[in-house]
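Down below is the structure, laid out as structure tokens.
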Amino acid sequence: MAPAAEEQSVSTVNTADLYDERGDELASVALQFQSLGGRSHFSGPIRTIRCFQDNALVKSTLATPGNGSVLVVDGGGSLGTALMGDMIAESAVANGWAGVVIHGAIRDREAIARLELGVKALGSNPRKSAKAGAGEVDVDVVVDGVTFRPGAMVWCDPDGILVER
57 MAPAAEEQSV STVNTADLYD ERGDELASVA LQFQSLGGRS HFSGPIRTIR
107 CFQDNALVKS TLATPGNGSV LVVDGGGSLG TALMGDMIAE SAVANGWAGV
157 VIHGAIRDRE AIARLELGVK ALGSNPRKSA KAGAGEVDVD VVVDGVTFRP
207 GAMVWCDPDG ILVER
């Protein structure tokens, strides 16, 4: 029971307070992501995917044990297709992911807002993405000049996104 309580306390860290404590040890993403999930505060070790308008890797990765991790998806900032919908988000919850940060779009906003999952994305689009599996998993990705390295920590809340340098 202690790990769940510890995980909950970590997930409610306010990014402004954390930045005040740690300052330049952390990188701050200036790009204005929308908070779209049912959890407003989430954090955890980073896992990454780089893909463009193809969510097959997102689906397969979120179907594996997340162990409190946050999946960061560099979708190239495209709003042309959704990289995650409610069924994939439900899979993430069932598999223990703390949250997902998508440099791109999602769909099924209202359903995702009811899930116990942190979600940050640029916006939404009802259009499905390709399912070819194109992309890379667990590689460094750069979003808005900030590097997300697999295994580093990320903290998200309505104020923004902080990443361990």
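Here the sequence shown is numbered in our numbering, starting from 57 and rising by one per residue.
Built from N, CA and C at the ideal position, the CB exists for glycine as well.
Shown here for Arg170: same chain residues with a beta carbon closer than 7 Å to its own, the five before and five after excluded, namely Gly94 in chain order. Asp76 counts as exposed, since fewer than 16 other C-beta atoms from the protein chains shown sit within 10 angstroms of its C-beta. Residue environment: Gly207 is assigned as exposed (fewer than 16 neighbouring CB atoms within 10 Å of its CB, all protein chains considered).
Between Leu178 and the set Cys212, Trp153, Phe89, the nearest pair of CA atoms involves Phe89. Within the segment 127 to 213, the runs of beta strand (DSSP E) at least 3 residues long that lie entirely inside it are, in chain order, 155 to 162, 174 to 180, 197 to 199, 202 to 204, 209 to 213.
Take the alpha-carbon of Ser147 and the one of Ala119: they are about 6 Å apart. DSSP places Val69 outside any beta strand (DSSP E), giving it a letter other than H or E. In this structure, DSSP gives Asp76 a helical state, which the three-state scheme calls helix. The beta carbons of Ser125 and Ala154 sit closer together than 8 Å. In the structure shown, the three-state DSSP call for Ser125 is coil. Sorting Asn111, Ala167, Asp215 by C-alpha distance to the C-alpha of Val193 places Asn111 at the top.
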